[in-house]
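J.: According to the working numbering, the sequence shown holds residues 38 to 464 in order.
Cβ coordinates follow ideal geometry from the N, Cα and C atoms, glycine included.
All figures in this text were calculated on a predicted structure; none of them were measured in a lab.
Here's a structure for you.
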Amino acid sequence: MTNLELQPDFQASEDFAIAMDERDSLKEFRERFLFPKPAGGDCVYLCGHSLGLQPKTAAAYIEQELEDWAQLGVEGHFRARNPWMPYHRMLTEQTAELVGAKSIEIVVMNSLTVNLHLMMVSFYRPTPERHKVVVEYGAFPSDQYAVNSQISFHGFDPASSLIELTPRPGEFCLRDEDIDSLIEREGDSIALVMLGGVNYATGQAFDMARITRAGHARGCMVGFDLAHAAGNLHLKLHEWGPDFAVWCSYKYLNGGPGCVAGCFVHERHARAWDLPRFAGWWGHDEESRFEMGPDFQAMAGADGWQLSNPSIVSLAVLRASMTIFHEAGMERLRAKSVSLTSYLEFLLSQKASTAFSIITPHEKGRRGAQISIRLAHNGRALCERLAHEGVLGDWREPDTFRVAPVPLYNSYHDVFRFVRRFAAAID
Ligand SMILES: Cc1ncc(COP(=O)(O)O)c(C=O)c1O
């Protein structure tokens, strides 16, 4: 079936893009973000899968904390307009809403890879019989390093303890049934299934409910790296039931470079005091934290995995962004995202050429806002040329150009302009 048959309403004209933008109920959100001007002029920014744009309100949110710090010094922990001691909690509910979790399951802390390690300390408990970790082939390098180092840390060898789910020959994405059958076949020896919710390179979105069911049915722990899924897909973490999930906040969540990350621990582990964990004072029971006693007593829920007091300036930006997300609503955003990404795919299909192919799955349930374009020749040079002209996606070795029309701030006209420039560059 061609894309045209699936999307009979799309048209290739510029007027169509403009008309779609006029009809878009989320269009005013674009005005709330600052668009860069890398080439001095207008920018086509399709790079929210790498670094989200800055909310215009971010500066005011930061400014308030700087003012309170200047006015109050250490007293700001309790007397700032938004006291810093419980500041991170202002993000809990909105984040829980965003990823489909209960408040007790959510904490905003640290950075992504740190959180992944903390989760594996608790949920990767290998034994001689059950020591393997399942990851997707071509997982983000930091995930590979983290998983391999955890395996080695426990005295096992990644050569025999790491299972990489690999696409079939000639394919780029994994088939659900192949994931199921691997977990079914190897289940007795698998300690942890740890996949990206959306693969960073191909843009494939995994069926997290199905993977969780398959893993749990074989007695495995299940966790997800949602770096490319949080703020992109409509997640239902509590219902799907993985043991943990981690994500960063600087991509679709627009928290700014290096922003404080997120972590989900399923409610079933909220009071699992016997789970091993690496402890820090910020995870200690709040009532007695300042008694400064020597014995660690974890808080209930995801909060109990905190280590340190977080960066308030970084959290302030995230609050600015999460307030916007809350207003827009993930359901509406996802609906627009499905349409915008299909439109991008449609326009690219109009320019069909042997110079490029799309490796992201075509089915809307198997992808988020990203389209990964595989370039046959000189891809890096092409991306650099486009960047020079102010058209920003990003390049991933060896041959992939990733672009993401983000529903919160990208328009149909952005997509149109991107494809026009891309096609010209290809020509
Ligand atoms: C899928 C994935 N995992 C892990 C990371 C590493 O994130 P951090 O540097 O925040 O730990 C990234 C960064 O882009 C990523 O895309």
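What span of residues does the beta strand (DSSP E) with Phe281 cover, start to end?
T.: Run containing Phe281: Phe281 to Trp284, per the beta strand (DSSP E) assignment.
J.: Assuming Ala246 contacts Trp284 under a Cβ cut-off of 8 Å, what Cβ separation, rounded to an integer in Å, is found between them?
T.: Wrong, their Cβ atoms sit about 17 Å apart, outside the cutoff.
J.: Beta carbon of Ile396, beta carbon of Arg411: below 8 Å?
T.: Yes, these two residues count as a Cβ contact at 8 Å.
J.: Helix or strand or just coil, what does DSSP make of Gln48?
T.: Coil.
J.: Please report how far the alpha carbon of Lys373 lies from the alpha carbon of Pro398, in whole angstroms.
T.: Going from the Cα of Lys373 to the Cα of Pro398 covers about 18 Å.
J.: Roughly how many angstroms separate the alpha carbons of Thr239 and Ile463, rounded to a whole number?
T.: Spanning the two alpha carbons is a distance of roughly 20 Å.
J.: Taking the beta carbon of Asn152 as the centre, do at least 16 other beta carbons fall within 10 Å, making it buried, or is it exposed?
T.: Buried, by the Cβ-count rule.
J.: According to DSSP, Ala441 sits in a beta bridge with which residue or residues?
T.: Answer by DSSP bridge pairing, in chain order: Cys84.
J.: Closest to Glu166 by CA distance: which of Gly224, Tyr449 and Ser348 is it?
T.: Out of Gly224, Tyr449 and Ser348, Gly224 has the C-alpha closest to the C-alpha of Glu166.
J.: Spatial neighbours of Val81 within its chain, please: CB distance less than 8 Å, with the 5 preceding and 5 following residues excluded, ordered by chain position.
T.: Taken in chain order, the residues that qualify are Gly427, Val428, Leu429, Asp451, Arg454, Phe455 and Arg458.
J.: Specify the secondary structure class of Glu142 as computed by DSSP and reduced to three states.
T.: Helix, per DSSP.
J.: For Gly256, count the other beta carbons within 10 Å of its own beta carbon; 16 or more makes it buried, fewer makes it exposed. Which is it?
T.: It counts as exposed.
J.: Starting from Glu214, follow the alpha helix (DSSP H) in both directions and report where the run begins and ends.
T.: Asp213 to Glu223 is the span of the alpha helix (DSSP H), which, as asked, contains Glu214.
J.: Check this for me: beta carbons of Leu263 and Ala282, under 8 Å apart or not?
T.: Contact: yes.
J.: Is Phe160 close to ligand 1? I mean its beta-carbon at under 7 Å from any heavy atom of the ligand.
T.: Not under cutoff, so the answer is no.
J.: Since Arg314 and Val170 are thought to touch, with beta carbons under 8 Å apart, how far apart are those beta carbons, to the nearest angstrom?
T.: That belief does not hold up - the Cβ atoms of Arg314 and Val170 are roughly 18 Å apart, past 8 Å.
J.: Where does Val297 sit, in a helix, a strand or coil, going by DSSP?
T.: Coil.
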